[in-house]
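Novice:
2 protein chains.
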Amino acid sequence: MDRKKSIKLTRFELEIMQVLWELGSGSVREIQERLPEKRRPAYTTVQTIVRRLEEKEAVRRLKKIGNAFIFEPLITRRSAHHRLINELLESFGGSARPLMAHLAETGKLSLEDLKELEDIVAQRAADVSGKSSKTAKRSD
Amino acid sequence: MDRKKSIKLTRFELEIMQVLWELGSGSVREIQERLPEKRRPAYTTVQTIVRRLEEKEAVRRLKKIGNAFIFEPLITRRSAHHRLINELLESFGGSARPLMAHLAETGKLSLEDLKELEDIVAQRAADVSGKSSKTAKRSD
DNA sequence: GACAGCCTATGACAGTTGTAGTAGATTCAA
DNA sequence: TTGAATCTACTACAACTGTCATAGGCTGTC
Chain A
1383 MDRKKSIKLT RFELEIMQVL WELGSGSVRE IQERLPEKRR PAYTTVQTIV RRLEEKEAVR
1443 RLKKIGNAFI FEPLITRRSA HHRLINELLE SFGGSARPLM AHLAETGKLS LEDLKELEDI
1503 VAQRAADVSG KSSKTAKRSD
Chain B
1383 MDRKKSIKLT RFELEIMQVL WELGSGSVRE IQERLPEKRR PAYTTVQTIV RRLEEKEAVR
1443 RLKKIGNAFI FEPLITRRSA HHRLINELLE SFGGSARPLM AHLAETGKLS LEDLKELEDI
1503 VAQRAADVSG KSSKTAKRSD
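Protein chains in written order, with my numbering: chain A, 1383 to 1522; chain B, 1383 to 1522.
1. Give me the Cα-Cα distance between Glu1487(A) and Pro1480(A), rounded to the nearest whole angstrom.
2. Using a Cβ-Cβ cut-off of 6 Å (strictly less than) and excluding sequence neighbours within five positions of Val1428(A), which residues of its own chain qualify?
3. Considering only residues of the segment 1425 to 1493 of chain A, which uninterrupted beta strand (DSSP E) runs meet the minimum length of 3 residues and lie entirely inside it, listed in chain order?
4. Could you tell me if Ile1457(A) is buried or exposed, where buried requires 16 or more neighbouring beta carbons within 10 angstroms of its beta carbon?
5. Which residues in chain B have a C-beta closer than 7 Å to the C-beta of Arg1479(A)? List them in chain order.
6. Give me the Cβ distance between Arg1504(A) and Leu1435(B), rounded to the nearest whole Å; I'm assuming they're in contact under 8 Å.
7. In chain B, which residues lie less than 8 Å from Glu1500(A) when you measure between Cβ atoms?
8. For Ala1551(B) and chain A, any beta-carbon pair shorter than 8 Å?
9. Give a yes or no on whether 8 Å exceeds the smallest Cβ distance from Val1503(A) to chain B.
10. In the DSSP output, what is Gly1408(A) paired with across the bridge?
11. Should Ile1477(B) go down as buried or exposed, given a rule of 16 or more other Cβ atoms within 10 Å for buried?
12. Taking C-beta pairs closer than 9 Å, name the residues in chain A that Ser1523(B) reaches, listed in chain order.
13. Restricting to Cα atoms, I'd like to know which of Ala1440(A), Leu1417(A), Tyr1425(A) is closest to Ala1450(A).
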């Protein structure tokens, strides 16, 4: 599907992207202030990561306010999550089952969760057979 | 639960652990030969990773055959997977839902999968209330 | 008992990642 | 218009990773 062969993000880069996805856009200062007080890195550390994200084309400069740049994400949270999940699945031999089983066993998954998921899967099956939508409607 | 605050493995280290989990135990040579022909690293590269795994106490020397050491895993596949999953969940804000939804949407999850999961979850709920087992029976 | 062949122990190195300091540009309030 | 505050650009660096080469130690065989 996606031709933009998805960008690889490090843990910290991902954390900063999370902030940007929440904010929509923001300056280095804003990003830094949204990071958890515990272990909040120096301003220039955040700046460095944002620069690397720029190089990777994961964010871009949207505009300038005062003398500060405002950055915005160029990749979606969804696509990033997509990548993470696929990477994890690879480590598991490609099957989602062990992953699911783990979640179920460790109580991270409730019966209600599963019911809702069934709806999603059923809906998806219907869409596919009905060919009603190419990429289904969704938010996130 | 686990007091052994779980070892952090890199991708390659994990790949080698996978081989060892499958073999039960093996020499550097055996491990190397089990790696996919495409991109199979040099013998000494595998050796280096195994050494690092030793340092991390993820494997140990079980015995010596001829002049070669035979290594065996010290951590379970299960605990390693556990860690990976938890790390992923953290990136998702701790909730399994987005992860599950993603799997459902991308068709990695079938209705049968979900049905079986319901059994697991239901069983788990029963165990917990009934206090019948401490760590439930399982294979993996 | 000497040697080819495989093994181990070590060292090395470049790329990535997290972390931050410094210097100089820009801004804005007085 | 000037000076403090705030930014950006650049540099640095150690730890971690993937990758391998080299040197020297065993072993099994003729």
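Cβ atoms here follow ideal geometry from the backbone N, Cα and C, with glycine treated the same way. Values in this document were obtained by computation on a predicted structure and should not be read as measured data.
Specialist: So, from the data block:
1. 10 Å
2. Val1410, Ile1413, Gln1414
3. 1441 to 1447, 1450 to 1455
4. buried
5. Asp1495
6. Correcting the residue type first, residue 1504(A) is Ala in the shown sequence and not Arg. In fact, because the Cβ distance is near 44 Å, the residues do not count as touching under 8 Å.
7. Leu1493, Leu1496
8. Residue 1551(B) is absent from the model: chain B starts at 1383 and stops at 1522.
9. yes
10. Phe1453(A)
11. The sequence shown places Ser at residue 1477(B), not Ile. Ser1477(B) is exposed by the Cβ-count criterion.
12. Within the shown structure, residues of chain B are numbered from 1383 to 1522, placing residue 1523(B) beyond reach of any answer.
13. Tyr1425(A)
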